[in-house]
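Novice:
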Amino acid sequence: MAEHSVAAGHDDHDHKPHGWRRWVYATNHKDIGTMYLVFAGLMFFIGGSMAMVIRAELFKPGMQFVDPQLFNSMTTMHALLMIFGAVMPAWTGLANWMIPMQVGAPDMALPRLNNFSFWILPFAFTLLLSTLFVPGGSPAGGWTMYPPLVLQNGASFPMLIFAIHMMGASSILGAINVVVTILNMRAPGMSLLRMPLFVWTWLITAYLLIAVMPVLAGAVTMLLTDHFFGTTFFTAAGGGDPVMFQHIFWFFGHPEVYILILPAFGIVSEIIPTFSRKPLFGYEAMVYATASIAFLSFIVWAHHMFVVGMPLAAQLFFMLSTMLIAIPTGVKVFNWTATMWKGSISFEPPMLFALAFLFLFTIGGFSGLMLAIVPADYQYQDTYFVVAHFHYVLVPGAIFAIMAGVYYWLPKWVGNMYDMTLAKWHFWLSTIFVNVLFFPQHFLGLAGMPRRIPDYAVQFTDWNMVSSIGGFGFGLSQLLFPYLIWKCVTAGTPVKVNRPWEGAHGLEWELPSPAPYHSWSTPPSDEVIAKGAFH
Amino acid sequence: MTQGVTAMSREIYDLHMLIFWVCVIIGVVVFGAMFWSLINFRKSQGAVPDTTMVHNTKVEIVWTAVPVIILIAMAVPAARTLVAIEDTTKTELTIKVTGFQWGWNYEYLDKGVTFFSRLDRKSDTARELGSGIDPNTVDHYLLSVDNPVVVPVGTKIRLLITGADVIHSWWVPAFAVKKDGIPGFVNEAWFKVDADKPGLYRGQCAELCGRDHGFMPIVVDARTKEDYEAWLSAKAAQQKSAAAPAGTEATPTASAAPVPAPALADAR
Numbered sequence: 022m023a024e025h026s027v028a029a030g031h032d033d034h035d036h037k038p039h040g041w042r043r044w045v046y047a048t049n050h051k052d053i054g055t056m057y058l059v060f061a062g063l064m065f066f067i068g069g070s071m072a073m074v075i076r077a078e079l080f081k082p083g084m085q086f087v088d089p090q091l092f093n094s095m096t097t098m099h100a101l102l103m104i105f106g107a108v109m110p111a112w113t114g115l116a117n118w119m120i121p122m123q124v125g126a127p128d129m130a131l132p133r134l135n136n137f138s139f140w141i142l143p144f145a146f147t148l149l150l151s152t153l154f155v156p157g158g159s160p161a162g163g164w165t166m167y168p169p170l171v172l173q174n175g176a177s178f179p180m181l182i183f184a185i186h187m188m189g190a191s192s193i194l195g196a197i198n199v200v201v202t203i204l205n206m207r208a209p210g211m212s213l214l215r216m217p218l219f220v221w222t223w224l225i226t227a228y229l230l231i232a233v234m235p236v237l238a239g240a241v242t243m244l245l246t247d248h249f250f251g252t253t254f255f256t257a258a259g260g261g262d263p264v265m266f267q268h269i270f271w272f273f274g275h276p277e278v279y280i281l282i283l284p285a286f287g288i289v290s291e292i293i294p295t296f297s298r299k300p301l302f303g304y305e306a307m308v309y310a311t312a313s314i315a316f317l318s319f320i321v322w323a324h325h326m327f328v329v330g331m332p333l334a335a336q337l338f339f340m341l342s343t344m345l346i347a348i349p350t351g352v353k354v355f356n357w358t359a360t361m362w363k364g365s366i367s368f369e370p371p372m373l374f375a376l377a378f379l380f381l382f383t384i385g386g387f388s389g390l391m392l393a394i395v396p397a398d399y400q401y402q403d404t405y406f407v408v409a410h411f412h413y414v415l416v417p418g419a420i421f422a423i424m425a426g427v428y429y430w431l432p433k434w435v436g437n438m439y440d441m442t443l444a445k446w447h448f449w450l451s452t453i454f455v456n457v458l459f460f461p462q463h464f465l466g467l468a469g470m471p472r473r474i475p476d477y478a479v480q481f482t483d484w485n486m487v488s489s490i491g492g493f494g495f496g497l498s499q500l501l502f503p504y505l506i507w508k509c510v511t512a513g514t515p516v517k518v519n520r521p522w523e524g525a526h527g528l529e530w531e532l533p534s535p536a537p538y539h540s541w542s543t544p545p546s547d548e549v550i551a552k553g554a555f556h
Numbered sequence: 333m334t335q336g337v338t339a340m341s342r343e344i345y346d347l348h349m350l351i352f353w354v355c356v357i358i359g360v361v362v363f364g365a366m367f368w369s370l371i372n373f374r375k376s377q378g379a380v381p382d383t384t385m386v387h388n389t390k391v392e393i394v395w396t397a398v399p400v401i402i403l404i405a406m407a408v409p410a411a412r413t414l415v416a417i418e419d420t421t422k423t424e425l426t427i428k429v430t431g432f433q434w435g436w437n438y439e440y441l442d443k444g445v446t447f448f449s450r451l452d453r454k455s456d457t458a459r460e461l462g463s464g465i466d467p468n469t470v471d472h473y474l475l476s477v478d479n480p481v482v483v484p485v486g487t488k489i490r491l492l493i494t495g496a497d498v499i500h501s502w503w504v505p506a507f508a509v510k511k512d513g514i515p516g517f518v519n520e521a522w523f524k525v526d527a528d529k530p531g532l533y534r535g536q537c538a539e540l541c542g543r544d545h546g547f548m549p550i551v552v553d554a555r556t557k558e559d560y561e562a563w564l565s566a567k568a569a570q571q572k573s574a575a576a577p578a579g580t581e582a583t584p585t586a587s588a589a590p591v592p593a594p595a596l597a598d599a600r
């Protein structure tokens with residue numbers, strides 16, 4: 022093991038460009054990964070501040086701060102920024118950093134494409150955010166962009182469509198790069214069933230991205246031609262159908278939610294074994310469960326649209342196919358629990374976030390199962406119950422998993438350990454406030470409060486106040502995260518060892534800390550690979 | 333969730349409670365196993381990992397098969413209820429509901445009665461930005477309208493729901509009815525209020541429909557059959573007399589519908 026680290030360490034003497042050229046002309050997977058993560062963090066805070074506007078307006082009944090149109094813009098932009106600007110780029114950033122290191126490759130397969138796919142994003146989001154200043158304001162028809170409503174947006178409409186096209190192009194290029202890297206760049210001996218779960222889940226995610234981002238691009242292009250070129254894809258007067266857009270959109274949209282969550286499953290499957298000091302239980306079952314979820318994600322889309330008036334047979338089909346997803350998801354939760362069973366568990370920050378993920382994502386899974394039941398869904402659809410559901414799977418789900426990943430690998434990236442006490446504060450504040458924020462929204466939904474409304478009847482006041490307080494608390498406690506990372510980078514305690522977590526498995530821990538600028542230019546030996554694999 | 337005032341809404345409520353308790357029981361077991369692990373297998377308590385425990389086919393088959401059985405047990409009553417909901421036959425009264433930005437139009441088919449229903453004036457004033465009016469002082473803030481839709485209790489009423497401009501969704505929780513009103517298409521839904529439960533039932537638009545989406549409530553005034561008949565004939569007479577001097581071009585039923593009536597395609 023030691024000789025490998027030394028061999029890898031020599032690479033650190035490689036030349037790298039300095040100053041702005043290092044970033045603008047970047048082709049190094051670690052630099053590009055860093056840019057993705059910083060960009061995602063920036064979007065997380067901009068999107069988060071929009072959520073603060075929403076929670077401030079909803080703190081009590083009556084309109085206090087914003088016009089209803091601006092409120093709708095805030096919900097729309099919050100979703101677009103968080104999904105396409107924060108979570109997806111964060112996953113691509115982690116993929117860039119970790120996949121080459123985990124499969125024993127020196128870099129991503131297509132480094133210049135990698136540069137391009139990142140640098141599209143700042144332009145896409147500058148365009149999207151600039152809609153805040155155009156006549157008519159930002160898109161306000163919801164991130165789902167349902168026609169005919171979306172066609173009522175003013176100057177922001179074509180800007181929205183073009184921004185979506187750019188985000189889609191960026192995602193597809195990133196996904197192609199991940200697939201090619203995983204399939205072609207693995208070190209000899211790194212067979213598919215030796216790959217870490219994070220690599221597996223990302224491989225499947227990348228296929229989902231390649232399959233569905235073009236569908237989204239097609240859907241929004243049809244909106245564009247409906248608006249500007251006289252087509253009537255989604256207009257009944259010309260023989261079209263507004264609901265057809267919803268079918269196409271959710272054919273993209275449901276796989277999209279797994280794009281947001283599958284890499285989280287991967288990260289949690291790395292972290293729980295590390296801090297349970299025990300190999301992952303049911304490695305193969307985890308891989309197959311991930312693949313089954315990905316497959317099922319293509320045949321459940323219409324469960325987002327049970328109230329549009331589908332035939333009975335279609336409603337039954339989509340109810341049953343949706344319920345099936347509970348089975349592979351359950352297998353995953355059981356496997357994680359079995360991994361901890363008879364382990365030797367310790368509670369470092371990555372493990373704490375992974376555990377919060379495990380509990381709170383499962384709660385989101387339960388509400389998801391409830392939402393699948395069509396007759397009950399008639400009461401849940403478009404209420405705060407749905408808002409609570411998808412925030413449970415996306416915030417303490419996807420975002421906590423991203424944070425868990427950052428806390429797990431940060432010492433490897435920068436070579437310094439972060440302030441554990443502060444990280445634990447970040448964890449406890451986030452976990453308490455995220456529940457104060459989103460749990461009451463279940464009650465609001467069941468009590469009959471629709472989503473996407475800027476003002477509400479007075480009986481909903483109490484839980485909205487609680488939720489808003491949770492929102493402000495959650496938002497403020499996130500400021501600890503960039504501070505903590507900054508402190509770690511500039512003044513952290515050097516880690517010195519390759520493996521700061523004693524139970525960690527996998528090739529990335531065979532590299533020195535910080536990981537050298539170019540790693541694995543000599544592939545790891547079969548023995549080293551076998552040692553790091555669960556299977 | 334409300335139990336509501338129709339047989340169907342109670343059935344949905346029971347279904348909701350059933351799946352809720354199933355989830356609670358699974359949750360207690362799963363979270364219990366997690367907490368058990370976190371408490372008993374702590375490194376700080378000297379736990380030694382059993383690194384050979386990586387796979388167990390028997391256990392894995394059990395925890396795949398048991399959820400299948402639970403899911404089937406949930407799917408059967410859900411499917412049965414759904415079939416009943418989709419049965420729109422034997423209705424006694426049909427009301428066409430058209431959502432528009434931002435309110436509702438109700439048309440009692442073949443009864444010569446049609447009218448608009450919007451957020452009432454008091455709520456509308458109080459909801460303005462910086463109105464200075466405390467919403468708590470407004471009766472049923474944001475949930476009251478100028479013209480409630482009046483229906484008879486104990487009668488199976490069919491709704492034909494559509495939209496005039498964008499997609500809206502007609503939702504009254506007490507009836508467990510939520511259906512999108514889609515421009516160019518007509519959706520069907522039905523409800524039958526318990527004969528002994530006349531009263532005012534409130535709901536809201538449930539599909540984002542633009543700036544004032546949050547301000548288009550629904551109020552259903554369920555009355556006894558006699559009261560409903562009396563209201564209907566008075567309303568019909570009033571609309572007839574109001575329409576008559578207005579000119580020859582006005583037809584009795586369409587006189588009060590400046591909103592363009594969408595082409596009636598087949599119900600989806």
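Protein chains in written order, with this note's numbering: chain A, 22 to 556; chain B, 333 to 600.
Quick reminder that beta carbons are idealized off the backbone N, C-alpha and C, glycines included.
Note that the coordinates shown come from a computational prediction; the quantities given were computed from them, not determined experimentally.
#1: Consult DSSP for B:G579 and reduce its assignment to one of helix, strand or coil.
#2: Answer with yes or no whether the minimum CB distance from B:D544 to chain A is below 8 Å.
#3: Are at least three pairs of beta-carbons, each pair with one atom in the stretch 531-551 of chain A and one in the stretch 373-384 of chain A, less than 8 Å apart?
#4: Does the distance from the CB of A:G157 to the CB of A:A176 come in under 8 Å?
#5: Would you call A:N356 buried or exposed, if buried means 16 or more other Cβ atoms sit within 10 Å of its Cβ?
#6: Is A:Q462 close to chain B, meaning its C-beta is less than 8 Å from at least one C-beta of that chain?
#7: Please tell me whether B:V337 and B:V518 are closer than 8 Å, where the distance is taken between their beta carbons.
#8: Applying a beta-carbon distance threshold of less than 8 Å, which residues of chain B neighbour A:Y428?
#9: Taking C-beta pairs closer than 7 Å, name the residues in chain B that A:Q336 reaches, listed in chain order.
#10: Give me the Cα-Cα distance between B:I344 and B:D512, rounded to the nearest whole angstrom.
#11: Where B:W434 and B:D544 are concerned, what is the direct C-alpha to C-alpha distance, given to the nearest angstrom?
#12: To the nearest angstrom, report how far apart A:K508 and A:A257 are at their CA atoms.
#13: Alpha carbon to alpha carbon, how far is B:P484 from A:V457? Give it in angstroms, no decimals.
#14: Compute the Euclidean distance between the alpha carbons of B:G579 and B:F448, then round it to the nearest angstrom.
#15: Closer than 8 Å, CB to CB, is A:S367 near chain B or not?
#16: With a 10 Å radius around its C-beta and 16 neighbouring C-beta atoms as the bar for buried, classify A:I420 as buried or exposed.
#17: Please state if the CB of A:H268 and the CB of A:L172 are separated by a distance shorter than 8 Å.
#18: One question on the structure: do A:F270 and A:T222 come within less than 8 Å of each other, judged by their Cβ atoms?
#19: Of all the options B:I514, B:W436 and B:V386, which has the alpha carbon lying nearest to the alpha carbon of B:V481?
#20: Using 8 Å as the limit for Cβ to Cβ distance, is B:T338 near chain A?
#21: So, do the stretch 393-404 of chain A and the stretch 468-475 of chain A have three or more beta carbon pairs nearer to each other than 8 Å?
#22: Go through the stretch 401-435 of chain A residue by residue and report every complete run of the alpha helix (DSSP H) that reaches 4 residues or more, in order.
#23: Kindly list, in the order they appear in chain A, the residues whose Cβ is closer than 7 Å to that of B:S501.
#24: Give the residues of chain A in contact with B:T420, contact being defined as C-beta atoms less than 9 Å apart.
#25: Under 8 Å Cβ to Cβ from B:I402, same chain only, skipping five residues before and after it: list those, please.
#26: Who are the near neighbours of A:P160 in its chain, counting only those whose CB is closer than 6 Å to its CB and skipping five residues on each side?
#27: Does B:W353 come within less than 8 Å of chain C when only Cβ atoms are used?
#28: Just how far apart, CA to CA, sit A:A334 and B:A411?
#29: DSSP on B:H472, reduced to helix/strand/coil?
#30: What residues in its chain sit with their C-beta under 8 Å from that of A:P169, if we drop five residues either side in the sequence?
#31: Less than 8 Å between CB atoms is the rule here; does A:N174 satisfy it with respect to chain B?
#32: Return helix, strand or coil for B:D456, following the three-state DSSP convention.
#33: Please determine if the stretch 94-114 of chain A and the stretch 55-63 of chain A are in contact, where contact requires at least 3 C-beta pairs separated by less than 8 Å.
#34: So the alpha helix (DSSP H) B:K510 belongs to, where does it begin and stop?
#35: Count the other CB atoms within 10 Å of the CB of A:I5; is the residue buried (16 or more) or exposed (fewer)?
#36: For B:M333, would you say it is in contact with chain A, using Cβ-to-Cβ distances shorter than 8 Å as the test?
Specialist: In this structure, then:
#1: Low per-residue confidence applies at B:G579: pLDDT is 48, beneath 50, and the placement is therefore not dependable, though the value from the model is reported in the following sentence. Coil at B:G579, not helix or strand.
#2: yes
#3: no
#4: yes
#5: buried
#6: no
#7: no
#8: In chain order: nothing, as chain B lies at least about 18 Å away.
#9: L414
#10: 19 Å
#11: 6 Å
#12: 58 Å
#13: 43 Å
#14: In this prediction, B:G579 has a pLDDT of 48, which is less than 50 and means its spatial position is unreliable; what the coordinates show is noted afterwards. Taking the straight line joining both Cα atoms gives about 21 Å.
#15: yes
#16: buried
#17: no
#18: no
#19: B:W436
#20: no
#21: yes
#22: 405-414 and 421-435
#23: V328 and D403
#24: Result: empty, since nearest Cβ-Cβ is about 11 Å, beyond 9 Å.
#25: V354 and I358
#26: T97, N174, S177 and L181
#27: Within the model displayed, chain C is absent; protein chains A and B are what it includes.
#28: 10 Å
#29: coil
#30: F255, T256 and P263
#31: no
#32: helix
#33: yes
#34: Looking at the DSSP string, B:K510 is not in any alpha helix (DSSP H); the run it does join, the beta strand (DSSP E), is V509 to G513.
#35: With chain A covering only 22 through 556, there is no way to say anything about residue 5 of chain A.
#36: yes
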